[in-house]
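Position one of the sequence shown corresponds to residue 1 (UniProt numbering), numbered consecutively onward.
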Amino acid sequence: MENFGIDSALKNLGVSTNNNGTSTGSKSSGKGGELKSFSPVNGQYIGSVSTTTREEYDQVVATAQKAFLDWREVTAPARGEIVRQFGEKLRKHKADLGKLVSYEMGKSYQEGLGEVQEMIDICDFAVGLSRQLHGLTIKSERPGHHMQEQWHPLGVVGIISAFNFPVAVWSWNTALAWVCGDVCIWKPSEKTPLCAVACQNLIAEVLKDNQMPEGISCMINGDYQVGEYMTKDERVPLVSATGSIRMGKIVGQTVAARLGKSILELGGNNAIIVTPEADLKMTIIGSVFGAVGTAGQRCTSTRRLIIHESIYDKVKDALVNAYKQLKIGNPLDENNHVGPLIDTDAVKNYTNAIEAVQKEGGRILVEGGVLQGSGYESGCYVKPCIVEAENHYATVQEETFAPILYLIKYSGDVNDALAIQNGVKQGLSSAIMTNSVREAYQFLSASGSDCGIANVNIGTSGAEIGGAFGGEKETGGGRESGSDAWKGYMRRQTNTINYTDKLPLAQGIKFDL
Ligand code: UN1
């Protein structure tokens with residue numbers, strides 16, 4: 001099989017076949033064992049990282065805590081300068097890192113590049129932010145008093161990221177946390193550890209060039225137990241976790257048990273409502289990209305299409321036709337639209353879901369299946385599938401991280417479609433396709449979509465970094481990336497300053513001695 005330059009990308013990023021998975025504070029003791037990474041593209045072994053022992057973890061936290069004492073004294077714009085340099089590094093290594101993301105995770109090379117672009121964008125955003133960590137001034141009820149609100153860094157921030165965005169989601173968290181004055185410990189997905197090693201190498205160079213302590217950016221590797229070291233650790237005031245609802249419930253409860261803070265960005269069950277007023281061409285492009293892009297492995301992937309009965313057959317036929325054009329294969333080959341799923345467990349979840357939904361009454365419109373033969377040796381390539389279904393089916397209510405699209409018919413008006421859309425436990429992303437101002441604004445109103453992301457005339461996936469990213473209900477309620485998500489990485493302090501020689505009390509209380 002063609003190599004597509006992956007060897008030189010690994011070399012340029014300093015990723016070898018045996019990597020230290022615990023950066024900062026220690027050289028790996030080798031006692032923790034090893035995590036092997038295989039490419040879903042061709043099933044080949046790429047390399048390994050050592051996993052982090054409890055002892056190594058404690059060293060990492062101590063190093064991070066020490067680095068925090070220096071880092072919080074660096075002015076915010078100077079911290080922004082470090083992030084700017086990291087963004088420059090990413091620009092330089094965009095092709096290499098994009099390729100590694102594609103090879104280790106399985107998304108198309110174009111999407112791998114897009115993911116690195118998101119990293120660059122959030123760095124730019126964070127640089128600007130470093131001069132805008134604004135507080136407030138507040139009018140006091142007492143004469144000669146001044147009130148203000150300011151923001152301080154929290155300390156050590158734990159970041160748990162998922163395989164599907166192995167580098168971008170870390171950067172959304174870490175770039176903001178850094179300019180806020182926090183230091184970070186990253187536990188990447190066990191399925192994509194080498195992408196993390198590459199990122200860690202790049203930031204380590206920047207920190208070294210600037211004589212900054214390495215502990216500003218730390219990495220640990222391993223299974224849920226290593227994650228648990230952080231979630232249970234009161235030295236880590238904030239844990240930001242991206243992944244499944246199952247994982248998020250455990251993380252959220254563990255962190256809450258010690259009254260720590262968490263930012264949770266969990267599963268979605270994203271729908272596009274297609275009304276009689278929709279532009280059909282835009283609907284098809286938006287839906288197909290949303291459903292099959294990243295092989296349906298985005299938390300914003302389109303899972304459900306809620307289509308008005310008057311246009312249902314037209315939309316269905318156009319979709320079935322569009323799916324016929326899809327090319328499935330090596331994601332590094334630009335001619336392909338759909339790459340592999342992350343691993344064979346994911347393939348099993350996909351086949352189980354298709355089986356289960358049929359038992360519940362689902363009707364297959366575009367048949368799925370696992371591909372075999374030349375080019376598909378990894379066993380991770382599946383056919384994007386379309387199923388006619390009803391919203392209440394247990395399978396439809398769940399997020400299956402695979403390219404399965406459910407078509408659901410609605411009658412009545414946009415409120416009937418909204419009831420179906422909101423009738424799931426998750427609340428991440430949503431969209432409406434319509435040229436009607438009335439329908440669009442009803443969808444965006446308080447009685448409209450209950451999701452953290454609600455789009456008009458674009459699909460559910462592919463959010464820009466400038467907006468706050470996250471969702472409601474079982475999606476976890478956290479917000480990352482743009483807008484004022486930075487506030488989640490800082491502690492708020494209210495100050496009252498008396499510049500008189502009197503001591504009046506608030507609420508008019510008298511207390512004379
Ligand atoms: C995710 O799938 O975890 O909106 C994040 C999008 C991307 C991010 C997805 N910008 O599709």
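Glycine included, each C-beta is placed from N, C-alpha and C at the ideal position. Since this is a predicted model, take the numbers as computed values, not measurements.
Assigned exposure category for residue i - 16 Cβ within 10 Å defines buried
i, result
"G508", "exposed"
"K510", "exposed"
"P40", "buried"
"V414", "buried"
"H337", "buried"
"Q297", "buried"
"V127", "buried"
"Y109", "buried"
"N3", "exposed"
"G260", "buried"
"T500", "exposed"
"K92", "exposed"
"Y381", "buried"
"A168", "buried"
"R246", "exposed"
"L305", "buried"
"R303", "buried"
"K139", "exposed"
"S445", "exposed"
"N391", "buried"
"Y406", "buried"
"T475", "buried"
Beta-carbon proximity list for residue i, same chain, < 8 Å, skipping 5 on both sides
i, result
"S310", "P276"
"L129", "G80, L176, V179, W486"
"G94", "The sequence shown places Lys at residue 94, not Gly. So the list reads L113, V116, Q117, I120, once near-sequence residues are dropped."
"N349", "T400, F401, A402"
"Q493", "E149, Q150, W151, H152"
"T300", "G268, N270, G290, L428, S429, I453, T460, S461, G462, A463"
"N42", "M1, N330, E377, S378"
"G135", "Q148, E149, Q150, W151"
Same chain, Cβ closer than 6 Å to residue i, neighbours up to 5 away in sequence not counted
i, result
"A162", "S189, T242, G243"
"V15", "L194, V197, A198"
"Y45", "F38"
"A9", "D96, K99, L100"
"T137", "Q148"
"E234", "R258"
"K502", "none"
"L369", "Looking at the sequence shown, residue 369 is not Leu but Gly. Around G369: K383."
"N422", "D450"
"residue 517", "The first residue shown for the chain is 1 and the last is 513, placing residue 517 beyond what the model contains."
"I263", "S240, G478, G488"
"G222", "T51, T52"
"G362", "V387, A389"
Cβ shell of residue i (< 7 Å), same chain only, five flanking positions each side left out
i, result
"L154", "D182, P237, L238, Y489, M490, R491"
"G112", "G98, K99, V101, S102"
"V206", "I82, Q85, F86, K89"
"F165", "E115"
Presumed contact (8 Å Cβ cut-off) between residue i and residue j, rounded CB distance
i, j, result
"E439", "A394", "So it is not a contact: roughly 30 Å between Cβ atoms."
"G32", "T53", "4 Å"
"I420", "V456", "The Cβ separation is near 18 Å, so there is no contact."
"G452", "G482", "Incorrect: roughly 13 Å between the Cβ atoms, too far for contact."
"G293", "S461", "6 Å"
"Y323", "V366", "5 Å"
"K187", "V226", "6 Å"
"I220", "V437", "Actually they do not touch by this definition, with Cβ atoms about 50 Å apart."
"R131", "P77", "5 Å"
"S287", "L319", "7 Å"
"Y57", "Y229", "5 Å"
"P340", "S378", "6 Å"
"I272", "K409", "Incorrect: roughly 14 Å between the Cβ atoms, too far for contact."
"I160", "V49", "The Cβ separation is near 16 Å, so there is no contact."
"V357", "V396", "7 Å"
Beta carbon proximity, residue i to chain D, threshold 8 Å
i, result
"K208", "Structure shown: chain D not included; a single protein chain is present."
Using only Cβ atoms and a threshold of 5 Å, which residues come within that distance of a heavy atom of the ligand UN1? Order them by chain position. F165, R298, C299, T300, S461, G462, A463
Residue ranges of each beta strand (DSSP E) run of no fewer than 3 residues wholly in the region 29-92, ordered along the chain? 34-38, 45-50
Of all the beta strand (DSSP E) runs that stay within the bounds of the region 159-198, which reach a length of 3 or more residues? Counting whole runs of 3 or more residues, the region 159-198 contains the beta strand (DSSP E) stretches 183-187.
To test your reading of the DSSP string, which unbroken beta strand (DSSP E) runs of 3 or more residues are found completely within the region 290-332? Here the runs fully enclosed are 302-308.
For a minimum of 3 consecutive residues, which ranges assigned as the beta strand (DSSP E) are wholly contained in the region 387-411? 404-410
Which runs of the beta strand (DSSP E) fall wholly inside the region 205-230 and span at least 3 residues, in chain order? 217-219
Which full runs of the alpha helix (DSSP H) of 4+ residues lie inside the region 433-484, going along the chain? 437-444
Please go through the region 83-160 and give each complete beta strand (DSSP E) segment of 3 or more residues, from N-terminal end onward. 136-138, 145-153, 156-160
Unbroken beta strand (DSSP E) runs of length 3 or more, entirely within the region 337-386: which are they? Runs found: 363-366.
Within the region 231-293, note down every full alpha helix (DSSP H) run reaching 4 residues or more, in order along the chain. Listed in chain order, they are 245-257, 280-292.
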